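Written out below as structure tokens is the structure these notes cover.
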Amino acid sequence: MDAKLLPLTLIISLVLLSIPSSVCQIDQQYQTRRQTLLQCGNIRGLGYPFWGGNRNASCGHPGFELNCQNEVLRLNISSMVYRVLEINNTTRTLRVAREDLWDNLCPRVLTNTTLNLTIFDYSSAASDENITLYYGCTIAIPPYNFSCSVNGGNSWNFYVTRENSGLGNGITCNSVISVPVNQTAARALATPTMMSMNLLQESLNNGFSIQWSANNDNCNLCVQSGGVCGYNQASGSFSCYCSNGTHQYTCDDDRNGNGVSIGIAGIVVSSIVIFNIRKRSRLHKVNKESNHIVNKFLLAHGSLAPKRYKYSQIKKITKSFTDKIGQGGYGIVYKGKLPDGQLIAVKVLNENDENGEEFIKEVASISRTSHVNIVNLLGFCYEGKKRALVYEFMPNKSLDKFIRKSGSQGPKVGVARGLEYLHRGCKTRIVHFDIKPQNILLDQDFCPKISDFGLAKLFKKKQSKISMLGTRGTIGYIAPEVFSRNFGGVSHKSDVYSYGMMLLEMAGARKNIEIEAIQSSEDYFPDKIYEHVLLKNKKLDDLITEENEETARKMLLVGLWCIQTAPSERPSMTKVVEMLEGSIQSIQIPPKPVLSSPRLSGQQFSSSFSVIVEAENSN
Numbered sequence: 001m002d003a004k005l006l007p008l009t010l011i012i013s014l015v016l017l018s019i020p021s022s023v024c025q026i027d028q029q030y031q032t033r034r035q036t037l038l039q040c041g042n043i044r045g046l047g048y049p050f051w052g053g054n055r056n057a058s059c060g061h062p063g064f065e066l067n068c069q070n071e072v073l074r075l076n077i078s079s080m081v082y083r084v085l086e087i088n089n090t091t092r093t094l095r096v097a098r099e100d101l102w103d104n105l106c107p108r109v110l111t112n113t114t115l116n117l118t119i120f121d122y123s124s125a126a127s128d129e130n131i132t133l134y135y136g137c138t139i140a141i142p143p144y145n146f147s148c149s150v151n152g153g154n155s156w157n158f159y160v161t162r163e164n165s166g167l168g169n170g171i172t173c174n175s176v177i178s179v180p181v182n183q184t185a186a187r188a189l190a191t192p193t194m195m196s197m198n199l200l201q202e203s204l205n206n207g208f209s210i211q212w213s214a215n216n217d218n219c220n221l222c223v224q225s226g227g228v229c230g231y232n233q234a235s236g237s238f239s240c241y242c243s244n245g246t247h248q249y250t251c252d253d254d255r256n257g258n259g260v261s262i263g264i265a266g267i268v269v270s271s272i273v274i275f276n277i278r279k280r281s282r283l284h285k286v287n288k289e290s291n292h293i294v295n296k297f298l299l300a301h302g303s304l305a306p307k308r309y310k311y312s313q314i315k316k317i318t319k320s321f322t323d324k325i326g327q328g329g330y331g332i333v334y335k336g337k338l339p340d341g342q343l344i345a346v347k348v349l350n351e352n353d354e355n356g357e358e359f360i361k362e363v364a365s366i367s368r369t370s371h372v373n374i375v376n377l378l379g380f381c382y383e384g385k386k387r388a389l390v391y392e393f394m395p396n397k398s399l400d401k402f403i404r405k406s407g408s409q410g411p412k413v414g415v416a417r418g419l420e421y422l423h424r425g426c427k428t429r430i431v432h433f434d435i436k437p438q439n440i441l442l443d444q445d446f447c448p449k450i451s452d453f454g455l456a457k458l459f460k461k462k463q464s465k466i467s468m469l470g471t472r473g474t475i476g477y478i479a480p481e482v483f484s485r486n487f488g489g490v491s492h493k494s495d496v497y498s499y500g501m502m503l504l505e506m507a508g509a510r511k512n513i514e515i516e517a518i519q520s521s522e523d524y525f526p527d528k529i530y531e532h533v534l535l536k537n538k539k540l541d542d543l544i545t546e547e548n549e550e551t552a553r554k555m556l557l558v559g560l561w562c563i564q565t566a567p568s569e570r571p572s573m574t575k576v577v578e579m580l581e582g583s584i585q586s587i588q589i590p591p592k593p594v595l596s597s598p599r600l601s602g603q604q605f606s607s608s609f610s611v612i613v614e615a616e617n618s619n
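Under full-length UniProt numbering, think of the first position of the sequence shown as 1, with each following residue one higher.
Here's what the structure looks like:
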């Protein structure tokens, strides 16, 4: 055994050999503990981990002291007082409401909702979501306003839900707080009526659900052995109170008569435990770090943050990952169903040792968006190395499958508008870096939605330089400057290039030419399109199968503009939308592209070298 672990072994052995201090030594005291339960108002029969009033502190966990005043039960969590509305001992859940917001939309001190996450967590079974309250704002957002009197005068205040979270963007306010409410109420608040202020207050009063964890497994074993759960204040550990005294875990522990035997057994058990102690310690550290990262993200984004799921929930809603609907370089996608019947797609990412901040950045980048052509992120899971993204389900799968079946021109403008929004419509720019047909999903109406933000990069509109590690994208769609700065700086124009390559494929050109061109070192498909169609003005019959030749020619022209070698020569996505929606006569013949990205399509690429990239201003 490792010499460094010997002291730990001796300590564990001594603890197991020791006889804990007795709190209820005689049967009468034991029966008193069993029968003394806390009650307040219509909430009755509260045992461990709760204490307070007629229940001694040794009967409950330190973080669960209840205070009963005027038939109202209150609980203090992380210096915030909550009203306890319901308690379910079977599921170990509480429904609580913030005391400072009870019948009062304008508390004196404005603070975010907080929990002690070592013993409490938001209920996984409840359908709750955050709403965000804005106080002391420079403007009003009718009809989401509510009134507060501050220093004798009224200030502008309003609320937003997850569905309309973008309303608060760019508005200066003195304070912003997030509060969980029932999901049904939140959805009703998203479409306000004359009664919305009453509904807002009612939603806050109805509270939200949380789960508790206080030595749950130990308590189950204790109760099964005939004991009463409690807490040893002196040692700061769980205790099992039995008719013959106090035990550490169960009443079956014969600690009074067989201490030496238990000590020997304890040494054996200690050896087994120590064998894995370092591994468990590392896992605990990983989980602690992941919780810190996620909690920091949730606190910063308030109602903008998507719902966090536990891994056990992900398994449940996907029926243990039985219905696989797709697979990519970074994970597998499964079909699932939420408790309310909504169909979803769950992308389970490959396990790795990378910093979880990159994953949270991906979640943050998607949660910042709200556009008809951007996929809707419903939630995420982050537990240690286990990570998953929960999206709305797209019944028509990806554009890639649609193209291969029949060819398509329809989604071209929708994808362009989605990219335009990412590049210009968000407060923080988002460059996707992996635009390709496989990442364009189609809903029931074949409306295109950009998905898979795993390679996305965020940067501010006025930022001129950003740092990027590795080459991002899928070979065949990567812009030349992503490989080498000799072609220019990497920016939103890199997405324009990828879109152009995809547009040529949507027009039907790539799939018909590429097989022939890839076998020749002298030809690649932009050359063939440019020379055969644009310069010689030949018919498109041998290149495309679309009936509308003018539309197809327009797509080829725009596509060739988008894949210009120099980023500065490429149009912005705003200009792309304008060209696609305008007449073909207004589109000039583009210069011949000098260089295309590598020819092997479909393989996702990520190199290990680092490049510094520059962000251009929008043209």
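Glycine included, every Cβ here is placed at the ideal spot set by N, Cα and C.
Fair warning: this is a prediction, and the values are worked out from it, not measured in the lab.
What separation, rounded to the nearest whole angstrom, lies between the Cα atoms of residue i and residue j?
| i | j | result |
| --- | --- | --- |
| residue 40 | residue 366 | 45 angstroms |
| residue 690 | residue 395 | This structure cannot speak to residue 690, because the chain is shown only from 1 to 619. |
| residue 397 | residue 569 | 33 angstroms |
| residue 424 | residue 530 | 30 angstroms |
| residue 181 | residue 174 | 23 angstroms |
| residue 577 | residue 380 | 32 angstroms |
| residue 456 | residue 495 | 10 angstroms |
| residue 620 | residue 46 | An answer regarding residue 620 cannot be provided, because it is not within the stretch 1 to 619 covered by the chain. |
| residue 170 | residue 155 | 18 angstroms |
| residue 220 | residue 233 | 20 angstroms |
| residue 251 | residue 49 | 18 angstroms |
| residue 448 | residue 160 | 27 angstroms |
| residue 246 | residue 239 | 7 angstroms |
| residue 553 | residue 438 | 23 angstroms |
| residue 198 | residue 132 | 16 angstroms |
| residue 399 | residue 343 | 20 angstroms |
| residue 142 | residue 177 | 19 angstroms |
| residue 483 | residue 498 | 14 angstroms |
| residue 139 | residue 108 | 21 angstroms |
| residue 78 | residue 122 | 14 angstroms |
| residue 420 | residue 168 | 21 angstroms |
| residue 492 | residue 340 | 39 angstroms |
| residue 507 | residue 188 | 43 angstroms |
| residue 318 | residue 308 | 16 angstroms |
| residue 118 | residue 217 | 15 angstroms |
| residue 486 | residue 101 | 59 angstroms |
So that I know if they touch, is there some Cβ in chain B lying closer than 9 angstroms to that of residue i?
| i | result |
| --- | --- |
| residue 475 | Note that chain B does not occur in the displayed structure, where there is just one protein chain. |
If contacts are defined as beta-carbon pairs under 8 angstroms, then residue i and residue j qualify, I think. What distance do you get, rounded to the angstrom?
| i | j | result |
| --- | --- | --- |
| residue 130 | residue 179 | 7 angstroms |
| residue 434 | residue 452 | 6 angstroms |
| residue 228 | residue 241 | 4 angstroms |
| residue 82 | residue 98 | 6 angstroms |
| residue 454 | residue 549 | Contact doesn't hold; Cβ gap of about 37 angstroms is too wide. |
Based on the DSSP output, what are the partners of residue i in its beta bridges?
| i | result |
| --- | --- |
| residue 120 | 212 |
| residue 635 | Look at the range of the chain in this structure, 1 to 619, and you will see that residue 635 is not part of it. |
| residue 388 | 348 and 381 |
| residue 237 | 232 |
| residue 246 | 241 |
| residue 363 | Answer is none; residue 363 lacks a bridge partner. |
Using DSSP with H/G/I as helix, E/B as strand and the rest coil, what is residue i?
| i | result |
| --- | --- |
| residue 483 | helix |
| residue 368 | coil |
| residue 492 | coil |
| residue 432 | coil |
| residue 351 | coil |
| residue 474 | strand |
| residue 166 | helix |
| residue 457 | strand |
| residue 558 | helix |
| residue 574 | helix |
| residue 136 | strand |
| residue 589 | coil |
| residue 144 | coil |
| residue 376 | coil |
| residue 450 | strand |
| residue 402 | helix |
| residue 529 | helix |
Less than 8 angstroms separating the Cβ of residue i from some heavy atom of the ligand NAP?
| i | result |
| --- | --- |
| residue 37 | Absence of the ligand NAP from the depicted structure is noted, as is the absence of any ligand whatsoever, leaving it without description. |
| Taking the runs of the alpha helix (DSSP H) that are 4 residues or longer, which of them lie wholly in the region 169-218? | For the region 169-218, whole alpha helix (DSSP H) runs of length 4 or above, ordered along the chain, are 183-190 and 196-206.
| message | Just to confirm the assignment: which complete alpha helix (DSSP H) runs, minimum length 4, are found wholly within the region 297-349? | response | The qualifying runs are 311-317.
| field | Length-filtered (4 minimum) alpha helix (DSSP H) runs lying within the region 38-111 | value | Taken in chain order, the complete alpha helix (DSSP H) segments of 4 or more residues contained in the region 38-111 number zero; there are none.
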